[in-house]
Ligand SMILES: C[S@@+](CC[C@H](N)C(=O)[O-])C[C@H]1O[C@@H](n2cnc3c(N)ncnc32)[C@H](O)[C@@H]1O
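Numbering (my numbering), first residue to last: 496 to 823.
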């Protein structure tokens, strides 16, 4: 099963994942500028704020205006709230006359429990609501458009690719046959009818095609896939990494927490390429690329949650933290 499931999030209130590890990886110090690109409920931001004691410039990005409105209440003027997709990081910071970041940039990907808790946002397969799933509700396309207007083949492809769902073709076929589908619960019910029920002896519960044996709600993978497509999450991540690298000052850090294997692969590959001092084809007789090593990878292997954190926070189960330091 890939990454964090929305089911993990629905089980608990939001607790920041890998909090101590984030602080160490960012090497937080008063006086430097930090950007939390995914401020959410402000857990990581509060920890950075505590260390920097009002002596740093803090920027809190979120593409969800509701999250920012709540954060503004608790942070008042100690952090600048920026309503933007982090894929436009440079342009958004330029509006505050910030053209370099000397401390670090953090991204803790995915949705927050606050977003999942609100049925009307349409993220939850367990709460009644419209098929929305937009993190930024000012954007045009919602889950409704994908579910009701995409060709069946394209729908099957994203359910397979982003959801790693073996039954993607059948699910897409049943979705197309049942259109229009207007609500989360209607979609969840259609998906559930596509998956074979098998007995999960380990937990004494019915499981729906769960490879690992744990109980996985039948709609988990499909909802995750549609959410990732609605919000163009992988494309945004790729843009964000490029923008971050170009705005960080030498010595500053970039820290990313992923919950999905495709996200982690993008970050790992990006760091590898940035750390390489040559990207010529392996058989090239001499180096002609003139590439320089741009970052030092701080985490050779991704950092994952400790046993204690795993017990305290189910969301940490699939979290992977990777960090790099800008060199030039
Ligand atoms: C997992 S939560 C972050 C939680 C936060 N670190 C905390 O400690 O409370 C992810 C947040 O990032 C936001 N987000 C996801 N993708 C984004 C993007 N491309 N640009 C800006 N914000 C994004 C979501 O709206 C959500 O509020």
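Glycine included, each C-beta is placed from N, C-alpha and C at the ideal position.
Nearest neighbour of residue i, chosen from the options [CA to CA]
| i | options | result |
| --- | --- | --- |
| residue 818 | 805, 614, 610, 739 | 739 |
| residue 641 | 654, 633, 631 | 654 |
| residue 563 | 631, 712, 611 | 631 |
| residue 634 | 586, 725, 647 | 725 |
| residue 552 | 607, 779, 595 | 595 |
| residue 517 | 729, 752, 608 | 752 |
| residue 526 | 754, 543, 679 | 543 |
| residue 660 | 690, 645, 637 | 690 |
| residue 489 | 574, 648, 609, 806 | Because the chain is modelled from 496 through 823, residue 489 falls outside the range shown and cannot be assessed. |
| residue 558 | 796, 607, 774, 578 | 578 |
| residue 683 | 692, 717, 656 | 717 |
| residue 797 | 758, 645, 546, 561 | 758 |
| residue 570 | 785, 756, 541 | 541 |
| residue 750 | 762, 741, 756, 742 | 762 |
| residue 656 | 568, 728, 612 | 728 |
| residue 737 | 804, 795, 586, 649 | 586 |
Proximity below 8 Å, CB of residue i to CB of residue j
| i | j | result |
| --- | --- | --- |
| residue 814 | residue 790 | no |
| residue 628 | residue 617 | yes |
| residue 658 | residue 720 | yes |
| residue 732 | residue 816 | no |
| residue 620 | residue 679 | yes |
Own chain residues within Cβ distance below 8 Å of residue i, not counting five before or after
| i | result |
| --- | --- |
| residue 748 | 520, 521, 522, 598, 599, 600, 793, 818, 819, 820, 821 |
| residue 800 | 512, 513, 808, 811, 812, 814 |
| residue 730 | 582 |
| residue 651 | 663, 664, 666, 667, 668 |
| residue 515 | none |
| residue 550 | 525, 526 |
| residue 560 | 578, 631, 632, 633 |
| residue 772 | 786, 787, 788 |
Contacting residues, own chain, Cβ-Cβ under 7 Å from residue i (five flanking each side not counted)
| i | result |
| --- | --- |
| residue 532 | 556, 581, 584, 600, 601, 602, 735 |
| residue 823 | 745, 787, 789 |
Other residues of its chain near residue i: CB distance less than 6 Å, five sequence neighbours each side excluded
| i | result |
| --- | --- |
| residue 699 | Unreliable placement is indicated for residue 699, whose pLDDT of 45 sits below 50; the coordinate value is still reported in the next sentence. Here the set comprises nothing. |
| residue 639 | 626 |
| residue 538 | 511 |
| residue 723 | 657 |
Rounded Cβ spacing between residue i and residue j (contact assumed at less than 8 Å)
| i | j | result |
| --- | --- | --- |
| residue 685 | residue 668 | About 10 Å; that fails the 8 Å criterion. |
| residue 713 | residue 687 | 4 Å |
| residue 509 | residue 536 | 4 Å |
| residue 768 | residue 774 | 7 Å |
| residue 636 | residue 675 | About 16 Å separates the two Cβ atoms, so there is no contact after all. |
| residue 588 | residue 576 | Contact doesn't hold; Cβ gap of about 13 Å is too wide. |
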